[in-house]
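**Q**
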Amino acid sequence: MTLNRNILVPSIKTLTCGLLLCLGGSITCAADASAADKAPKLVIVKAVWGILPSGPSFDVTKDVARMVENDSLSVDADNDNFGDPAPGNAGKKLKVDYMLHGVAGSKTVNEFDMISLGPVKKPARKRGPAAPAPMLTSDPKTWQRVPNAVAGPVGGVTLGEHGLFRPAMDKHTAYLLADANLDDMVLRFRQVAGVKNPPGQQRGWEKMFPAHAAQFLIVAGNTFRGTENADLRRRMDDVINALKACRTSDGALPAPYGNGEEGYSFMLLAHGLVAAANAGNPGANDLLAAWAKWYRQRVEQATAGNPRVILQTGQNYFAGTGLMLAHFASGGTPEDVLAAYKHVHPEWMGLLSARDLKAIWKMPGGHPHSAYCYGWMGFLDIYRATGDRRLLDAMLGGWELYRGHWQHPGGTLAICESDTYPPDTLHITPIAHTGETCSMVWWAKFNHKLHQLFPADERYVAEIEKVIYNVGLANLRGKSISYHTHLEGRKESPAIDHTCCEVVGAYLYSTLPEYIYSIADDGLYVNLYEPSSIAWRKADRTLRLTMSSQFPLRPEVALRFSVEEPVSMKLRVRTPVWATAEMPIAVNGKQVAVGKPGSYVVLDRTWSNGDRVEFTLPMDFRVTLYRGADQVPGHKRYCILYGPVLMAAVGPLGKEVPLPDFGGKKNHTYLVRIAHDPARPREWLNPKADQPLSLDIKGQTTPYLKPYWQVEAKESFTCLPVIEPGGQK
Ligand SMILES: [Zn+2]
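Residue numbers (the working numbering): 139 to 867.
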């Protein structure tokens, strides 16, 4: 189901020049009479569905425009057509502004009534509202915790000096410290606590979405898993002490709020406090419990009237994730879980479980967004705390929907708030605002949670890997983090503004070591191939494994055991889904197993000091056809990957190709051509000397290929070149 973006544009061309100006003034008027005769008589100018004029609503202009047939419209005002912008609220209306035979008009109807325009197609139907689905909850007496099968190591991983993760972490920490002033970070907390004229400044997004303190705590706390830094530790402790001073007399910690989307700030504060607690700060867990106490009080007040409107709309369902973090921390309570349930929208879970595409692009209860996973992590945690399969089924459904219909081959997610993204539209142009960094960071975290529940399913690690190499490393640039992951044109300039992508990006950069390995009761999983070592405890002994590699620049990987005496355990080695062949694995020089792509090989044996495991990843170029909406007419576009690494075609952008307007703005893409057979990339790619993964294209001076993460600010590029044999080069 792909939106035909041409529906609106030919209609608009026939309007008067006066109206054209108000639509942007950029479309030429069709002046000749014959064109006017063929012109559609009914044009949808604007359609809005929700609590009008100023309550929660969806812009459904494109949806209504698509329902026009032969200049006739008959549309029911209901959630089935447009999703539910205000669950539990009976006052929704549909308002349609239109032009009919050149005359402007407007109609508004109540929910379950119909708007008919032009020749009537079908009779109006009357029906009452469907009974709302009951709230999701469960009885604590029935709860059965679901343990994770493996754990990401929260310590014991040392990154290699010559890998990619270490410099990324160092660069990110430097960015954080350059801008972390204690008074600025706790200003909003002091204001909420009633401190008169506290010092400090609010900057950037901090005014709307206070999360600077959370960002600092997330990075500082997680950094201490791998390295100690006295200055950073002192500053982390200072933030915790300053927050302690903001508690109320009854021991609760009020958090800054007031933008209507508080779930974002509340969830991030919980993440920051968990990170500080894991780093050994003695007061952080108490503060988390104090925060949860205060937030539960707010939930009770807010839900006294109608629970659905307050907690399940907008992005407030994110806060359920914060409550579940508090629940699993020391001092967590069953009340945290019961309050978290109140953030779960029952109809939404039903759509997700049913793998209904509307669950993503017309989600009930809020605006469709690339950042669902902020809240989904909490929903998975409710499952872990209670064994409630309804939540697990919904989350697995959500994973399939996102993965199947809103993701580019390189891993970026092609959806965002504030516009409409039907399934498989996969927009790539910068104006479409796809590929938001924070959303992919949470996608990685969400996949890590699924991996810890289902470690034999290799797909979850494959998703994390894409995010790290094609988003995380790609967007840590200059002195900050890019907000969008542009797939053509120029990379987006990063700013220091405490945006969602900076704050949440902090989570990925500070936790990179925990994705490389996973620890199970019976052994170890090797997930990624970053040079590193891990030390972990098994049966009162410390085991150590060291991984040597230059991944992804080179495919060879070697693992070496350091054990004081022989130990029996299972070493599980991932053969990635992108491997282009089976992968032989050798122990001490002798082949012992062959890994199938998309699985883990289990090496179950007694390991001695110095034992070596070696394999060569079957990495090759994969060229995949682009099926999204931003096509170059008459040509086929492709995405090129090497292993998990997204490649960019760097060079002049060539001919500008107009695309239908996006979000009311002019849009265009570029024709960048590789004049070869897309099925045989090895025949036309020539590695540049001394530059691993930089490749010239046979017979062409431009473009050349390099990993997307290496593209620099001054370079123009596309990740979706046209590839076709022959023709003009
Ligand atoms: Zn963001």
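In this text, a Cβ means the ideal position worked out from N, Cα and C, and glycines have one as well. Because the structure is a prediction, the values reported are computed rather than measured.
Enumerated in chain order, which unbroken segments of the beta strand (DSSP E) with a length of 3 residues or greater are wholly contained in the region 639-699?
**A** The region 639-699 contains these whole beta strand (DSSP E) runs: 655-658, 661-664, 670-676, 679-687.
**Q** Write down every uninterrupted run of the beta strand (DSSP E) in the region 274-299 whose length is 3 residues or greater and which is fully enclosed by it, in chain order.
**A** As far as the region 274-299 is concerned, its whole beta strand (DSSP E) runs of at least 3 residues are 295-297.
**Q** Determine the DSSP secondary structure at R363, reduced to helix, strand or coil.
**A** Coil.
**Q** Just to be sure I understand the criterion: a residue counts if its Cβ is closer than 5 Å to at least one heavy atom of ligand 1. Which residues meet that?
**A** Output, sorted by chain position: E574, C576, C638, C639.
**Q** Would you decide whether R775 is buried or exposed? Buried here means 16 or more other CB atoms lie within 10 Å of its CB.
**A** Per the 10 Å Cβ criterion, buried.
**Q** Let me check one thing: in DSSP terms, what residues is N824 bridge-paired to?
**A** Paired residue(s): D834.
**Q** Determine, using beta-carbon pairs with one atom in the region 672-685 and one in the region 612-625, whether at least three such pairs fall under 8 Å.
**A** Flag = no, the region 672-685 and the region 612-625 do not touch.
**Q** Under the three-state reduction of DSSP, which class applies to K334: helix, strand or coil?
**A** Looking at K334 - three-state DSSP - the assignment turns out to be coil, as it is neither helix nor strand.
**Q** Examine ligand 3 and report whether any of its heavy atoms sits within less than 7 Å of the Cβ of S671.
**A** Only ligand 1 can be found as ligands here, which leaves ligand 3 out of the picture.
**Q** With which residues is A442 paired in a DSSP beta bridge?
**A** In DSSP, A442 forms no bridge with anything.
**Q** Identify which residue in L190, N217, F592, G193 has its Cα closest to the Cα of D201.
**A** Of L190, N217, F592, G193, the residue nearest in Cα terms is N217.
**Q** Indicate the three-state DSSP secondary structure (helix, strand or coil) for G243 in the structure shown.
**A** Strand at G243.
**Q** Could you say which of S491, A408, A594 lies nearest to W537 if we only look at CA atoms?
**A** Out of S491, A408, A594, S491 has the C-alpha closest to the C-alpha of W537.
**Q** Keeping to the same chain, check which residues put their C-beta closer than 6 Å to that of P859; ignore five residues upstream and five downstream.
**A** For P859, where only same-chain residues beyond five positions count, the Cβ hits under 6 Å are A787, V810, I812.
**Q** First and last residue of the beta strand (DSSP E) that includes L211?
**A** Looking at the DSSP string, the run of the beta strand (DSSP E) that includes L211 is 211-214.
**Q** In the DSSP output, what is Y940 paired with across the bridge?
**A** Outside the displayed span of the chain (139 to 867) sits residue 940, for which this structure offers no information.
**Q** Smallest Cα separation from T558: which of D197, A185, V642?
**A** For T558, the nearest C-alpha among the options comes from D197.
**Q** In terms of residues, what are the limits of the beta strand (DSSP E) holding L791?
**A** Looking at the DSSP string, L791 is not in any beta strand (DSSP E), and its letter there is neither H nor E.
**Q** How far does the alpha helix (DSSP H) with V202 in it reach, from first residue to last?
**A** Counting along the chain, the alpha helix (DSSP H) containing V202 begins and ends at 199-204.
**Q** On a CA-only basis, which of H310, T471, R341 is nearest Y647? Give me that one, please.
**A** Of the candidates H310, T471, R341, the one whose C-alpha sits nearest the C-alpha of Y647 is H310.
**Q** Do L391 and A428 count as a contact pair if the criterion is CB distance below 8 Å?
**A** Closer than 8 Å, so yes.
**Q** Is the beta carbon of A582 sitting closer than 8 Å to the one on V715?
**A** No. Outside cutoff.
**Q** Would you give the residue range spanned by the alpha helix (DSSP H) that Q590 belongs to?
**A** Taken as a continuous stretch (DSSP letters only), the alpha helix (DSSP H) holding Q590 covers 575-591.
**Q** Suppose contacts are defined by Cβ-Cβ distances below 8 Å. Is A422 in contact with L411 by that definition?
**A** Going by C-beta atoms, A422 is nearer than 8 Å to L411.
**Q** How is the alpha helix (DSSP H) around W499 delimited, first residue to last?
**A** Looking at the DSSP string, the run of the alpha helix (DSSP H) that includes W499 is 496-499.
**Q** Give me the Cβ distance between S276 and D526, rounded to the nearest whole Å; I'm assuming they're in contact under 8 Å.
**A** Rounded, the Cβ-Cβ distance is 5 Å, consistent with contact.
**Q** Could you tell me the distance, in whole angstroms, from the CA atom of D828 to the CA atom of P651?
**A** For D828 and P651, the distance between alpha carbons rounds to 28 Å.
**Q** Using three-state DSSP, classify G376 as helix, strand or coil.
**A** Before going further, note that residue 376 is Asp rather than Gly in the sequence given. In this structure, D376 counts as helix in the three-state DSSP scheme.
**Q** Take Y667 as the anchor and find which of E720, N747, M757 has the nearest alpha-carbon.
**A** The residue with the shortest Cα to Cα distance from Y667 is M757.
**Q** Can the beta-carbon of A497 be found closer than 8 Å to that of R434?
**A** No, they are not a contact pair.
**Q** State the start and end residues of the unbroken beta strand (DSSP E) segment that holds H806.
**A** Note, H806: beta strand (DSSP E), 803-809.
**Q** Give the secondary structure of H409 by DSSP, where H, G and I count as helix, E and B as strand, and everything else as coil.
**A** In the structure shown, H409 sits in a helix (DSSP, three-state: H, G or I).
**Q** What is the DSSP secondary structure of D557, counted as helix, strand or coil?
**A** Reduced to three states, the DSSP call for D557 is coil.
**Q** Grouping DSSP H, G and I as helix and E and B as strand, with all else coil, what is D758?
**A** Reduced to three states, the DSSP call for D758 is coil.
**Q** I need the straight-line Cα distance from W343 to D321, nearest angstrom please.
**A** C-alpha separation (whole angstroms): 16 Å.
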